[in-house]
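Asker:
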Amino acid sequence: ITMITGFETFNARLYRAAARRAVEGVEGLSVCVFTDKDISERRDVVEEVLKETDVLFCSLVFDFDQAAWLKESCQSIEVRMVFESALELMSETKVGSFSMSGGGGGGMPPAVRSMISMLTGQREEDRIAGYTKFLKTGPKLLQFLPQFGPIPDLRRWLQSYALWSGGGGGNVASMLRYIASEFGGFEDLQAEEMEETTADVPPKTLDVVEIPQ
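Per my numbering, the sequence shown starts with residue 1013, numbered consecutively.
(1) Can you tell me whether Phe1022 is buried or exposed? The criterion is at least 16 other CB atoms within 10 Å of its CB, across all chains shown.
(2) Residues bridged to Ile1016 by DSSP?
(3) If I follow the unbroken beta strand (DSSP E) through Arg1092, where does it start and stop?
(4) Under 8 Å by Cβ, that's how I've got Val1073 and Ile1016 pegged, so tell me the actual separation to the nearest angstrom.
(5) Pull up the distance between the alpha-carbon of Ser1111 and that of Val1057, whole angstroms please.
(6) Would you kindly report the start and end of the unbroken alpha helix (DSSP H) that includes Met1187?
(7) Which stretch, first to last residue, makes up the alpha helix (DSSP H) that contains Gln1087?
(8) Excluding five sequence neighbours on each side, which residues of the same chain lie with their C-beta closer than 7 Å to the C-beta of Glu1059?
(9) Taking the C-alpha atoms as reference points, what is the distance between Ile1191 and Gln1171?
(10) In whole angstroms, give me the CA-to-CA distance for Phe1160 and Leu1175.
(11) Out of Glu1194, Tyr1173, Ala1185, which has the shortest C-alpha to C-alpha gap to Ser1071?
(12) Put Val1001 into one of helix, strand or coil per three-state DSSP.
(13) DSSP three-state label for Phe1022, please.
(14) Find the nearest neighbour of Asp1077 within the set Arg1028, Arg1025, Ser1097, judged by alpha-carbon distance.
(15) Checking the sheet assignment: what are the DSSP bridge partners for Phe1110?
(16) Could you name the residues of the same chain whose beta carbon sits closer than 7 Å to that of Lys1083, not counting the 5 residues immediately before and after it, in chain order?
(17) Measuring alpha carbon to alpha carbon, tell me which residue in Phe1069, Thr1065, Met1187 is nearest Thr1047.
(18) DSSP state of Val1029, grouped into three classes?
(19) Taking the straight line between their C-alpha atoms, what separation do you get for Val1038 and Ala1031?
Now the structure itself:
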């Protein structure tokens, strides 16, 4: 899993700690943590990591150059979750059959497409804006979404965002473990929740990539 967050440099320490907690005791799980600043200043490192990434999680990346580069660089990544970022970058979201581009991944489920079309116009910008609005209320609908059937990938997307938007190191660690369980085959992590803590976790030998500041 590679996590890239923008406007979040002040939270980088919290995210690195959450990543360490997520991978602790989980053989084979690797989490790499970057900020949007790294895209500009350590692009070669980010590029190499993305080549080995199975899941990309991205939030709050708005800079045009950074978004354009990341859009191009993430094409080979199978699972891409992009929240509250530049429109062209959000359109790269792809979780199984659920896609914001409406391209090869099949696009959004018809029911969701219909709901968003009622809130917005037909332009791409309006559709993405509709997704952003949907994100605010979507997590509240999780209890009504079936775990099986035509929209399990939508549920995974919303569940990830619900944990992320909850804030705090515990929620971020839980989100990373949830993603690992859903897309990495770490089934034993599905029921685990991470308690909140204000203490950082020592690096030890855990499989987390940190970029020197």
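Heads up, the beta-carbon is just placed ideally off N, CA and C, and yes, glycines get one too.
Answerer: Considering the structure as presented:
(1) Residue 1022 sits at position 10 when you count from the first residue of the sequence shown. Exposed.
(2) Position 4 of the sequence shown, counted from the first residue, corresponds to residue 1016. Per DSSP, Phe1046, Cys1070.
(3) Along the sequence shown, one-based indexing puts residue 1092 at 80. It spans 1091–1095 - the beta strand (DSSP E) in which Arg1092 sits, taken as one unbroken run.
(4) The residue given as residue 1073 occupies position 61 in the sequence shown. The residue given as residue 1016 occupies position 4 in the sequence shown. The Cβ separation is near 6 Å, so the contact holds.
(5) On the sequence shown, residue 1111 is found 99 positions in, with the first residue counted as 1. On the sequence shown, residue 1057 is found 45 positions in, with the first residue counted as 1. For Ser1111 and Val1057, the gap between their C-alpha atoms comes out near 27 Å.
(6) Looking up residue 1187 in the sequence shown gives position 175. Residues 1180–1195.
(7) Locating residue 1087 in the sequence shown gives position 75, counting from the first residue. Per DSSP, Gln1087 lies in no alpha helix (DSSP H) and is assigned neither H nor E.
(8) Here the question's residue 1059 lines up with position 47 in the sequence shown. So the qualifying residues of the chain are Ser1085.
(9) Here the question's residue 1191 lines up with position 179 in the sequence shown. Here the question's residue 1171 lines up with position 159 in the sequence shown. In a straight line, the C-alpha of Ile1191 is about 9 Å away from that of Gln1171.
(10) Within the sequence shown, residue 1160 is the residue found at index 148, counting from 1. Within the sequence shown, residue 1175 is the residue found at index 163, counting from 1. Here Phe1160 scores only 49 on pLDDT, less than 50, and its place in the model is too uncertain to base an answer on.
(11) On the sequence shown, position 59 is the one that residue 1071 refers to. When C-alpha distances from Ser1071 are compared across Glu1194, Tyr1173, Ala1185, the shortest belongs to Tyr1173.
(12) Outside the displayed range of the chain (1013 to 1225) lies residue 1001, so it cannot be described from this structure.
(13) Within the sequence shown, the letter at position 10 stands for residue 1022. Helix.
(14) Along the sequence shown, read from residue 1 onward, the residue named residue 1077 stands at position 65. Of Arg1028, Arg1025, Ser1097, the smallest CA-CA separation from Asp1077 is found for Ser1097.
(15) Sequence index remark: in the sequence shown, residue 1110 carries index 98 (1-based). The partner list for Phe1110 (beta bridge, DSSP) reads Val1107.
(16) Working through the sequence shown from its first residue, we reach residue 1083 at position 71. Excluding residues up to 5 positions away in sequence, Glu1100, Leu1101, Glu1104 lie with their Cβ nearer than 7 Å to the Cβ of Lys1083 in the same chain.
(17) Locating residue 1047 in the sequence shown gives position 35, counting from the first residue. With distances taken between Cα atoms, Thr1047 lies closest to Phe1069.
(18) Translated into positions along the sequence shown, residue 1029 becomes position 17. It is worth fixing the name first, because residue 1029 is Ala in this sequence and not Val. In the three-state scheme derived from DSSP, where H, G and I count as helix and E and B as strand, Ala1029 is classed as helix.
(19) Here residue 1038 corresponds to residue number 26 of the sequence shown, with the count starting at 1. Here residue 1031 corresponds to residue number 19 of the sequence shown, with the count starting at 1. Approximately 12 Å between the Cα atoms of the pair.
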